[in-house]
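Take a look at the structure below.
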Amino acid sequence: MKLFRGRRDAPRGRTTKIFAIGGTGRIGRASSKILAENEIVSQVAIAARDVRLAKKAAADIGAKGIAVEVDATNEARLASLARDYDLIVNTAGPDFRVALPVTRAAISAGVHVCDIAADGPSLEKVLALDGRAKEAGVTVVTGIGHLPGMSNLIMQHAANQLETVTDLRLCVWWQLSREETDLFGDADAMRKTGRINASWQTVLTWVAGRVRTYRDGRLVEVDPFEEATEVSLPKNGRTVRAIPIGSTEPITFPRRMPAIRSVSVLMALLPPQLNELLRVQSRQITAGKVDAAAATMAFLDAIASDPDRWLQSEAEVPTDFGMMATATGIRRKRRVRYSCWPAGPWESTIGPLTVAALRILHGKVHAHGVLAPEAVFEPIPFLEEAARFRSTSQEPGRLLQESEEVLG
Numbered sequence: 005m006k007l008f009r010g011r012r013d014a015p016r017g018r019t020t021k022i023f024a025i026g027g028t029g030r031i032g033r034a035s036s037k038i039l040a041e042n043e044i045v046s047q048v049a050i051a052a053r054d055v056r057l058a059k060k061a062a063a064d065i066g067a068k069g070i071a072v073e074v075d076a077t078n079e080a081r082l083a084s085l086a087r088d089y090d091l092i093v094n095t096a097g098p099d100f101r102v103a104l105p106v107t108r109a110a111i112s113a114g115v116h117v118c119d120i121a122a123d124g125p126s127l128e129k130v131l132a133l134d135g136r137a138k139e140a141g142v143t144v145v146t147g148i149g150h151l152p153g154m155s156n157l158i159m160q161h162a163a164n165q166l167e168t169v170t171d172l173r174l175c176v177w178w179q180l181s182r183e184e185t186d187l188f189g190d191a192d193a194m195r196k197t198g199r200i201n202a203s204w205q206t207v208l209t210w211v212a213g214r215v216r217t218y219r220d221g222r223l224v225e226v227d228p229f230e231e232a233t234e235v236s237l238p239k240n241g242r243t244v245r246a247i248p249i250g251s252t253e254p255i256t257f258p259r260r261m262p263a264i265r266s267v268s269v270l271m272a273l274l275p276p277q278l279n280e281l282l283r284v285q286s287r288q289i290t291a292g293k294v295d296a297a298a299a300t301m302a303f304l305d306a307i308a309s310d311p312d313r314w315l316q317s318e319a320e321v322p323t324d325f326g327m328m329a330t331a332t333g334i335r336r337k338r339r340v341r342y343s344c345w346p347a348g349p350w351e352s353t354i355g356p357l358t359v360a361a362l363r364i365l366h367g368k369v370h371a372h373g374v375l376a377p378e379a380v381f382e383p384i385p386f387l388e389e390a391a392r393f394r395s396t397s398q399e400p401g402r403l404l405q406e407s408e409e410v411l412g
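First residue of the sequence shown? That's 5 in this note's numbering, and the numbers climb one at a time after it.
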C-alpha cells in the first residue's frame, strides 16, 4: 500500500483537523469537546459505525464538529477518509480489535495518531510498525490514557529517582461497590445496543490464559491466577492480593531500559472474591467458549444478580481506585526501593490523551515512529498538565506522594 508522508509540525497560526475514532464513547466525546475548544483546532470529525450517534456527538461539539460513518477495522476506508486530517485520536475499543488496523491506516494515510490502547499482545504488533511509521514521517503515541499512559509516566518518574533500576512494578487496586455503579456500566443498555463496555472487555482479556510479563531480563508467560502477590499499600500498610495482567508496560519499558531485570503490572480487584468471578469468566475466554463481550456481560450479570456475595467484604478495603509505582535499584552505591502514588483524585484517561493530542498538534512532539508514553514525555511536566483536566473542582495540590526504603 502506498505510504503518504506525514504532515509537518503545525506552524504558528495554522489550524488543524482531528479525526476522532470512537468519538461517540464516554472518553471520545469528552476529549473531542475539549480539543475543539482549542484555537488551533478548526474541525473535529466524529467517526463511528453508528452515524446517528456520531451526528449527536458532533452536534454537542458545535460548529467545529462533523459526523463520519466508518468502521475502525476497515483500514482502506479509514485511511482514505483520514488522509486530509492532521491527527487521528483513537478511543475506539476493544483495544485488541481496533488498535492495529487504526495504526496501519494512520501510517498509510501519513497522519499522526494517539490512542489509549491497553492490550499487550496488540501492542507488540503495533510496535512492529515502527519502521514503517518512521519512513512515513508519522508519530504514533500509543497507550496514552490512564492505564496505560499515566501509569507509564508514574513508573518512569519512580525509575528516574535511582541511578540504576533493576525492578519496576506498578500495582493498581480497584474497588467495586453498590455506591460506585458507574464503574459497571449499564448492562441492560449494553444488551440493547450491542455496545459492550470496552474497558471491561480489556480487563477480562488482561487475565485470560497466560499473560506476558518481564522477568529475569526476558518476557515470559504466566498464569495470572497462579501468581498472586501480597502488596502493601501506601499510608495505612494494608495489603491486597494482586495478580499480573497483560497490560503494555512490561513490553515497552525494557525497550528503553535494557539493563532492567523485571517489569510487572499487578491488579487487585476488590472485594477479593471478585477475582474468583474474574477467573471463571476469563477461563471461558481462554477455552474458546465465549468472546470477551459475552464474558463481560456474564461477569456484570453475576454481580447484579447477587451483590451480597460479590460486593460485600468483611475486611476493610481501600476505596475507589489507586495505583502505586515502585522502582528498586541503586542510588549512591546503596540498594533502594522507591515508591510513588497520586496525592489526590486528579487521575483520568481524558487528561493524558488530551495533552498528548495537543502537544502533537502544536508541534511539540518531534519524534516519528511508534512511541510509548515514557519514550516521548517528561513525567512530571506532562502529568501536571494532565491533572488540570480532571473532572472535579478540587485542586490537585501536590501531584505525587512518595516513600523510600534503604535495603542495604
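Just so it is clear, CB atoms sit at the ideal spot from N, CA and C, and this is done for glycine as well.
Because the structure is a prediction, the values reported are computed rather than measured.
DSSP-derived helix/strand/coil call for residue i
i      : result
MET271 : strand
ILE334 : strand
MET261 : coil
ALA291 : coil
VAL457 : Residue 457 is absent from the structure shown; the chain starts at 5 and stops at 412.
PRO248 : strand
LEU414 : Here the chain comprises residues numbered 5 to 412, so residue 414 is not present and cannot be evaluated.
ALA212 : coil
VAL102 : helix
LEU223 : strand
GLN398 : The predicted position of GLN398 is uncertain, since its pLDDT is 47 and thus under 50; no value can be drawn from it.
SER352 : coil
SER181 : coil
THR20  : strand
THR77  : coil
ARG136 : helix
VAL207 : helix
Cα-Cα separation, residue i to residue j
i      : j      : result
CYS274 : GLY348 : Looking at the sequence shown, residue 274 is not Cys but Leu. For LEU274 and GLY348, the distance between alpha carbons rounds to 20 angstroms.
GLU351 : PHE393 : 9 angstroms
PRO356 : VAL269 : 19 angstroms
THR300 : GLY412 : 46 angstroms
ILE364 : LEU91  : 8 angstroms
THR330 : VAL284 : 30 angstroms
LYS60  : LEU172 : 43 angstroms
LEU180 : ILE354 : 21 angstroms
ASP469 : LEU131 : An answer regarding residue 469 cannot be provided, because it is not within the stretch 5 to 412 covered by the chain.
GLY221 : ARG56  : 49 angstroms
ASN42  : ASP227 : 45 angstroms
GLU388 : LEU403 : 7 angstroms
ARG101 : GLY250 : 15 angstroms
ILE420 : MET154 : There is simply no residue 420 to check, as the chain begins at 5 and stops at 412 in what is shown.
LEU282 : GLN288 : 10 angstroms
ILE38  : ARG336 : 44 angstroms
GLY213 : PRO248 : 12 angstroms
Which residues DSSP lists as bridging residue i, in chain order
i      : result
ILE25  : ALA51, ASN94
TRP345 : GLN405
MET327 : VAL176
GLY149 : GLY153
ASP305 : Paired residues: none, contrary to the question.
SER266 : ASP171
GLU231 : Answer is none; GLU231 lacks a bridge partner.
THR256 : According to DSSP, THR256 bridges with nothing at all.
Pick from the options that is closest to residue i, judged by C-alpha positions
i      : options                        : result
ALA52  : LYS37, ALA296, THR95           : THR95
HIS116 : SER126, ALA137, ARG336         : ALA137
GLU408 : PRO258, TYR342, THR143         : TYR342
TRP177 : PRO276, THR256, PHE386         : PRO276
VAL211 : THR290, ALA390, VAL145         : THR290
ALA298 : ALA308, SER286, THR256         : SER286
PRO98  : ASN240, ALA162, SER203, LEU387 : SER203
ARG195 : ILE255, ARG216, LEU304         : LEU304
GLY147 : ALA371, SER266, ASN156         : ASN156
ARG33  : THR20, ALA62, ARG18            : ALA62
VAL410 : LEU362, GLY333, THR19, PRO346  : GLY333
ARG338 : GLU167, THR107, ILE38, GLU73   : GLU167
GLY26  : PHE386, GLU73, THR19           : GLU73
Proximity below 8 angstroms, CB of residue i to CB of residue j
i      : j      : result
ALA109 : ALA121 : no
ALA232 : ALA246 : yes
ILE22  : HIS366 : no
GLU378 : GLN160 : yes
LYS68  : ALA24  : no
THR243 : GLU234 : yes
ILE31  : GLN47  : no
GLY373 : VAL144 : yes
LEU82  : ALA76  : yes
THR28  : ALA58  : yes
PRO105 : GLU139 : no
MET261 : VAL340 : no
ALA306 : TRP314 : yes
THR252 : PRO152 : yes
GLY114 : GLY141 : yes
LEU208 : ALA296 : yes
LEU127 : MET327 : no
Contact with chain D by residue i, beta-carbon distance below 8 angstroms
i      : result
GLU406 : Structure shown: chain D not included; a single protein chain is present.
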